[in-house]
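J.: Okay, here's the structure, questions in a sec.
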Amino acid sequence: MQLEFNSVTKRYGNVQALQDVSFKLTNTGVVGLIGANGAGKTTSIRLMVRQIKPDAGEILFKGNPVASYPLHAYPIAYIPDEPIYYEELCIEEHFQLIAAMYKKPKSDIADLVEQLELQEHMRKTPAALSRGTKQKLSIGCALLRDFDILVADEPFTGLDPKQISVVKDILKKYAASGRIVLISTHLLQVVEKVCAEFVLLHKGRVKCLGTLDAIKRQFGISPQAGIEELYLHVVGEPIQGSEADE
587 MQLEFNSVTK RYGNVQALQD VSFKLTNTGV VGLIGANGAG KTTSIRLMVR
637 QIKPDAGEIL FKGNPVASYP LHAYPIAYIP DEPIYYEELC IEEHFQLIAA
687 MYKKPKSDIA DLVEQLELQE HMRKTPAALS RGTKQKLSIG CALLRDFDIL
737 VADEPFTGLD PKQISVVKDI LKKYAASGRI VLISTHLLQV VEKVCAEFVL
787 LHKGRVKCLG TLDAIKRQFG ISPQAGIEEL YLHVVGEPIQ GSEADE
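When you read off a place in the sequence shown, starting at 1, and then add 586, the result is the number in our numbering.
Here's what the structure looks like:
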């Protein structure tokens with residue numbers, strides 16, 4: 587399993603979103619893509635899921651450009667920061683549609699519904715759902731397809747503490763099954779408890795990559811330091827929203 591950014595650069599007009607970004611993920615598990623708003627996290631994800639193209643460089647999966655994979659065999663599943671759904675379909679119909687597309691058995695739907703605790707909402711359309719339940723619908727649609735890598739952009743947005751715990755457990759379960767789960771977020775204390783490795787972006791560049799212990803050794807940070815202290819040391823300023831959104 588390998589996902590690689592190779593000298594990736596992306597601009598939006600005069601805004602440099604990513605500048606010569608290179609990193610390689612070779613271990614299965616949960617990886618945190620962390621950084622403040624505007625650090626380049628969402629741009630990195632949009633490149634991974636082929637919503638946009640890089641101005642320079644390339645993204646590789648198992649040594650092959652992601653652009654070379656046909657849509658039906660694309661190895662990356664995506665949980666967007668804003669839930670995507672069909673207004674006229676209830677949750678059950680969403681899951682049935684995705685399962686039919688990927689030839690998944692009904693038991694997969696039943697397992698997912700139980701994991702996400704969606705039993706009482708299955709006949710509801712999105713208009714009748716809370717923000718957190720819409721988010722769980724979006725997560726469920728992503729998890730029903732086949733994938734080697736799951737990319738989640740701010741997956742905990744709109745979730746209450748119990749829902750966050752449920753989603754964290756699900757993401758860890760999928761990572762333990764031999765996949766890479768990449769979580770992009772600014773909620774440092776949430777990902778500190780779930781991620782094995784981290785990629786820290788700041789102003790469109792990679793500041794560091796590795797386990798918390800490895801990054802602490804690299805920068806001479808106390809082994810007892812938490813992730814917010816580590817971030818402050820590496821970047822030089824606190825990440826906005828991390829404490830308020832704990």
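We treat Cβ as the ideally placed atom computed from N, Cα and C, and that holds for glycine.
Among Leu736, Ser593, Leu619, which has the Cα closest to the Cα of Ala642?
T.: On the sequence shown, residue 642 is found 56 positions in, with the first residue counted as 1. Comparing Cα positions, the closest option is Ser593.
J.: On the criterion of 16 or more Cβ atoms from any shown chain inside 10 Å, does Ala659 qualify as buried, or is it exposed?
T.: By one-based count along the sequence shown, residue 659 stands at place 73. It counts as exposed.
J.: Going by DSSP, name the residue or residues bridged to Lys610.
T.: In the sequence shown, the residue the question calls residue 610 occupies position 24. Partner(s): Glu590.
J.: Compute the distance between the beta-carbons of Ala685 and Phe733, then report whether it is under 8 Å.
T.: Along the sequence shown, one-based indexing puts residue 685 at 99. Along the sequence shown, one-based indexing puts residue 733 at 147. Going by C-beta atoms, Ala685 is not nearer than 8 Å to Phe733.
J.: Using only the alpha-carbon positions, how far apart do Asp694 and Ser608 sit?
T.: Numbered from its first residue, the sequence shown carries residue 694 at position 108. Numbered from its first residue, the sequence shown carries residue 608 at position 22. Cα to Cα, the separation comes out at about 36 Å.
J.: Give every residue of the same chain whose Cβ lies closer than 6 Å to the Cβ of Glu829, excluding the five residues on either side of it in the sequence, and list them in chain order.
T.: As a first step, residue 829 must be located in the sequence shown, where it is residue number 243. Here the model assigns Glu829 a pLDDT of 39, short of 50, so the residue's position is not dependable and the matter cannot be decided.
J.: Nearest by alpha-carbon distance to Lys722: which of Met634, Phe742, Val785, His788 is it?
T.: As a working note, residue 722 is residue 136 in the sequence shown. Nearest of Met634, Phe742, Val785, His788 to Lys722, Cα basis: Phe742.
J.: Hey, which unbroken runs of the alpha helix (DSSP H) at 4 residues or more fall wholly within the stretch 707 to 768?
T.: The qualifying runs are 717 to 729, 747 to 762.
J.: Could you check whether the Cβ of Glu678 sits closer than 8 Å to any Cβ belonging to chain C?
T.: Although the question refers to chain C, the structure presented lacks it and comprises just one protein chain.
J.: Taking 6 Å as the limit between beta carbons, can you name the residues of its chain near Leu795, skipping five residues before and five after?
T.: Along the sequence shown, one-based indexing puts residue 795 at 209. Here the set comprises Phe609, Val785.
J.: When you compare only the Cα positions, how much space is there between Thr771 and Leu736?
T.: Numbered from 1 along the sequence shown, position 185 holds the residue referred to as residue 771. Numbered from 1 along the sequence shown, position 150 holds the residue referred to as residue 736. So the alpha carbons of these two residues sit roughly 14 Å apart.
J.: Whole angstroms are fine: how far does the CA of Val601 sit from the CA of Pro640?
T.: Looking up residue 640 in the sequence shown gives position 54. Looking up residue 601 in the sequence shown gives position 15. So the two alpha carbons sit approximately 14 Å from each other.
J.: Measure from the alpha carbon of Arg632 to the alpha carbon of each residue in Lys793, Thr595, Lys802, Gln588, then state which is nearest.
T.: Here residue 632 refers to the residue found at position 46 of the sequence shown. Out of Lys793, Thr595, Lys802, Gln588, Thr595 has the C-alpha closest to the C-alpha of Arg632.
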